[in-house]
Amino acid sequence: MGIVLKQSFTNTLILFLGFAIGGINVLFLYTHFLHEDYFGLITFLLSTANIILPLLVFGMQHSIIKFYSSYKTKIEQDGFLISTLILPLVVIIPLALIGVFFYQSIASWLSSENILIKDYTYLIFIVAIFMGYFEVFYSWTKVQFNSVFGNFIKEIFTRICTSFLLLAVYFNWISNEQFIYAVVAVYGLRTLIMKLYAMYIYMPKLVFKLPANLKEIFSFSIYIIIAGSASGILLEIDKFMIPQMEKIAEVAYYSVGIYIASVVAIPTRAMQQITNPITAKEMNSNNILIVEKLYKQSSINLLVVGGLLFLLINLNITELYEIINKPQYTRGIWIVLIISIAKIMDLALGTGNAILVNSKYYKIFFYLSLTMALSVIVLNRWLISLIGINGAALATLIVVLVYGVIKILFIKSKLSIQPFSRNSVKVLVVIMAIYFVINFWNFSLNPILSIFIKGVLITSVYLVIIKRLNISEDLNKLFSKYF
82 MGIVLKQSFT NTLILFLGFA IGGINVLFLY THFLHEDYFG LITFLLSTAN
132 IILPLLVFGM QHSIIKFYSS YKTKIEQDGF LISTLILPLV VIIPLALIGV
182 FFYQSIASWL SSENILIKDY TYLIFIVAIF MGYFEVFYSW TKVQFNSVFG
232 NFIKEIFTRI CTSFLLLAVY FNWISNEQFI YAVVAVYGLR TLIMKLYAMY
282 IYMPKLVFKL PANLKEIFSF SIYIIIAGSA SGILLEIDKF MIPQMEKIAE
332 VAYYSVGIYI ASVVAIPTRA MQQITNPITA KEMNSNNILI VEKLYKQSSI
382 NLLVVGGLLF LLINLNITEL YEIINKPQYT RGIWIVLIIS IAKIMDLALG
432 TGNAILVNSK YYKIFFYLSL TMALSVIVLN RWLISLIGIN GAALATLIVV
482 LVYGVIKILF IKSKLSIQPF SRNSVKVLVV IMAIYFVINF WNFSLNPILS
532 IFIKGVLITS VYLVIIKRLN ISEDLNKLFS KYF
């Protein structure tokens, strides 16, 4: 776990910094500087682009992780990497032509409830291409076990640029409309920087030779395209469907709640940057014992760190919304709790998704992702109409819990490994106990002072209990080193 902990720790710091900058953007700059309709619009555009991203790049970002380590010679590796840049064009060019011919119909359908969307519909396709090729080049660096710079560009660079653009709106240097186009330009610049860095880390020779296992790559990519799109649907479909059923400003309120809750998932995102390529390598070598060790360690470590974030967020959520000082945004306060519970389930999975994708059973990931996507669409349609934006969050929670359990049981049945131990139960009990005890405390102080006092109290109590219970060997080493 040495390289995992080292890069995961660095990536976690980057993600925290990125989320801090993003938090300033989402909770204060967006809410106070940008009209809420345009806040909802940019969220809708980016979310929709994320949904179609896997299709446009033909799943190449995942194929690189899975297959790169299986090639033994540099010529094979270089030919494979060059192919990952060319194959997406097989999808992008035809879809671009279809989009040109049917643009008005597509734009009218997407803007049926909110006419503001119509003039910006084409930006979805452009942003999706930028996002897709960014992920492809990022995967180039991941398989070289170099994930930190890409994580920095992805998490911090984009958000800093957005901060400057929001300030530009505030000072009337650009309009709300120009802000939308400027954000798209930032995503384009981000991709260019990632391309240059990927080629600096590893410059493949121009080998125009299709990989010998092209059929296998195509088969995997097709499954991953659908599975990736389905996963994108699970993450983003709520922000896509809300404007089809509610005012577009509701997306802004929903996005604030989602953003706050997503802080719980920071440890997962940090660790996945390095555990995914390592899991792929060990699965290709059939080192199941190492895969199992990584599976268990990642699960317990993520649960411990994510559990602390869950408590800090949900036990201070009322005070946080007081600081935001935008009463209409409190409509998303329950979304924070609902989604952060879903994130806890994701943490418990550890490297489970990476194991599924990189095993010979990867097709089950396709079927699970597809049924998850269909389930969340049906539940969203029903629950949004029933209880509004809280229904979208509840739909996500139900799907994540049900299919998370199914994934764990499937891996257990096929590979005879599972991520849990008695310590997993102990962590969950500690999280619930602290939540229910402190949730009833109201300090009636200034919200910033209240957050500080609660934060110190929660962190101290939680870390002392986790240390005394000897929950995680890896984290105990960190405690011993720094405290």
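Just so you know, this note's numbering puts the end of the sequence shown at 564, numbered straight through with nothing missing.
By construction, the Cβ of each residue, glycine as well, lies at the ideal position given by its N, Cα and C atoms.
| Query | Result |
| --- | --- |
| Per-residue DSSP class, three states only, for Ile-323 | helix |
| 8 Å Cβ shell around Tyr-278 - same chain, five flanking residues per side excluded | Phe-218, Thr-222, Phe-230, Gly-231 and Ile-234 |
| Contact the segment 325-334 vs the segment 190-208: 3+ CB pairs below 8 Å | yes |
| Given 8 Å, three or more beta-carbon pairs between the segment 285-299 and the segment 421-430 | no |
| For Ala-435, the first and last residue of its enclosing alpha helix (DSSP H) | 433-438 |
| Buried versus exposed, by CB contacts within 10 Å (16 or more), Asp-200 | exposed |
| Buried or exposed by the 16-neighbour rule on C-beta atoms within 10 Å, applied to Leu-455 | exposed |
| Between the CA atoms of Ser-502 and Tyr-516 - distance to the nearest angstrom | 22 Å |
| Expected contact under 8 Å - CB spacing of Ile-414 and Gly-469 to nearest Å | Not really, about 13 Å apart at Cβ, beyond 8 Å. |
| CA nearest to the CA of Val-265, picked from Thr-93, Leu-375, Ser-494 and Arg-240 | Arg-240 |
| Close Cβ partners of Ala-474 (< 6 Å) along its chain, the five nearest in sequence each way excluded | Ile-416, Ile-419 and Ile-420 |
| Three-state secondary structure assigned by DSSP to Val-469 | According to the sequence displayed, residue 469 carries Gly and not Val. It is coil, neither helix nor strand. |
| Closest by C-alpha distance to Tyr-410, when choosing among Asn-106, Phe-100, Phe-139 and Thr-112 | Thr-112 |
| Helix, strand or coil at Leu-108 [DSSP, three-state] | helix |
| Rounded separation between Phe-447 and Lys-493 - CA only | 18 Å |
| Cβ pair Asn-439, Ile-146 closer than 9 Å | yes |
| Beta-carbon gap between Ile-539 and Leu-396 smaller than 9 Å | yes |
| First and last residue of the uninterrupted alpha helix (DSSP H) at Lys-286 | First-last for Lys-286: undefined, no H or E at that position. |
| Cβ pair count under 8 Å reaching 3, the segment 377-389 against the segment 347-365 | yes |
| Where the alpha helix (DSSP H) through Asp-118 begins and ends | 117-137 |
| Minimum Cβ-Cβ distance from Lys-548 to chain B less than 9 Å | No chain B is part of this structure, which consists of one protein chain only. |
| C-beta contact flag for Val-171 and Phe-139 at 9 Å | yes |
| Proximal residues to Ile-163 (C-beta, below 7 Å), its chain only, five neighbours per side dropped | Pro-285, Leu-287, Val-288 and Phe-289 |
| Where Glu-194 sits in the DSSP three-state scheme | coil |
| Touch test, the segment 495-511 against the segment 550-562, Cβ-Cβ under 8 Å, three pairs minimum | yes |
| Of the residues Gly-387, Thr-124, Ile-255 and Met-280, the one placed nearest Ile-52, counting alpha carbons only | For residue 52 there is no data in the structure shown, the boundaries of the chain being 82 and 564. |
| Rounded straight-line distance, which links the Cα of Thr-272 to that of Thr-154 | 28 Å |
| Reference Leu-530, options Glu-400, Val-459, Val-542 and Tyr-443, closest by Cα | Glu-400 |
| Distance between beta carbons of Gly-99 and Glu-236, contact taken as under 8 Å | 3 Å |
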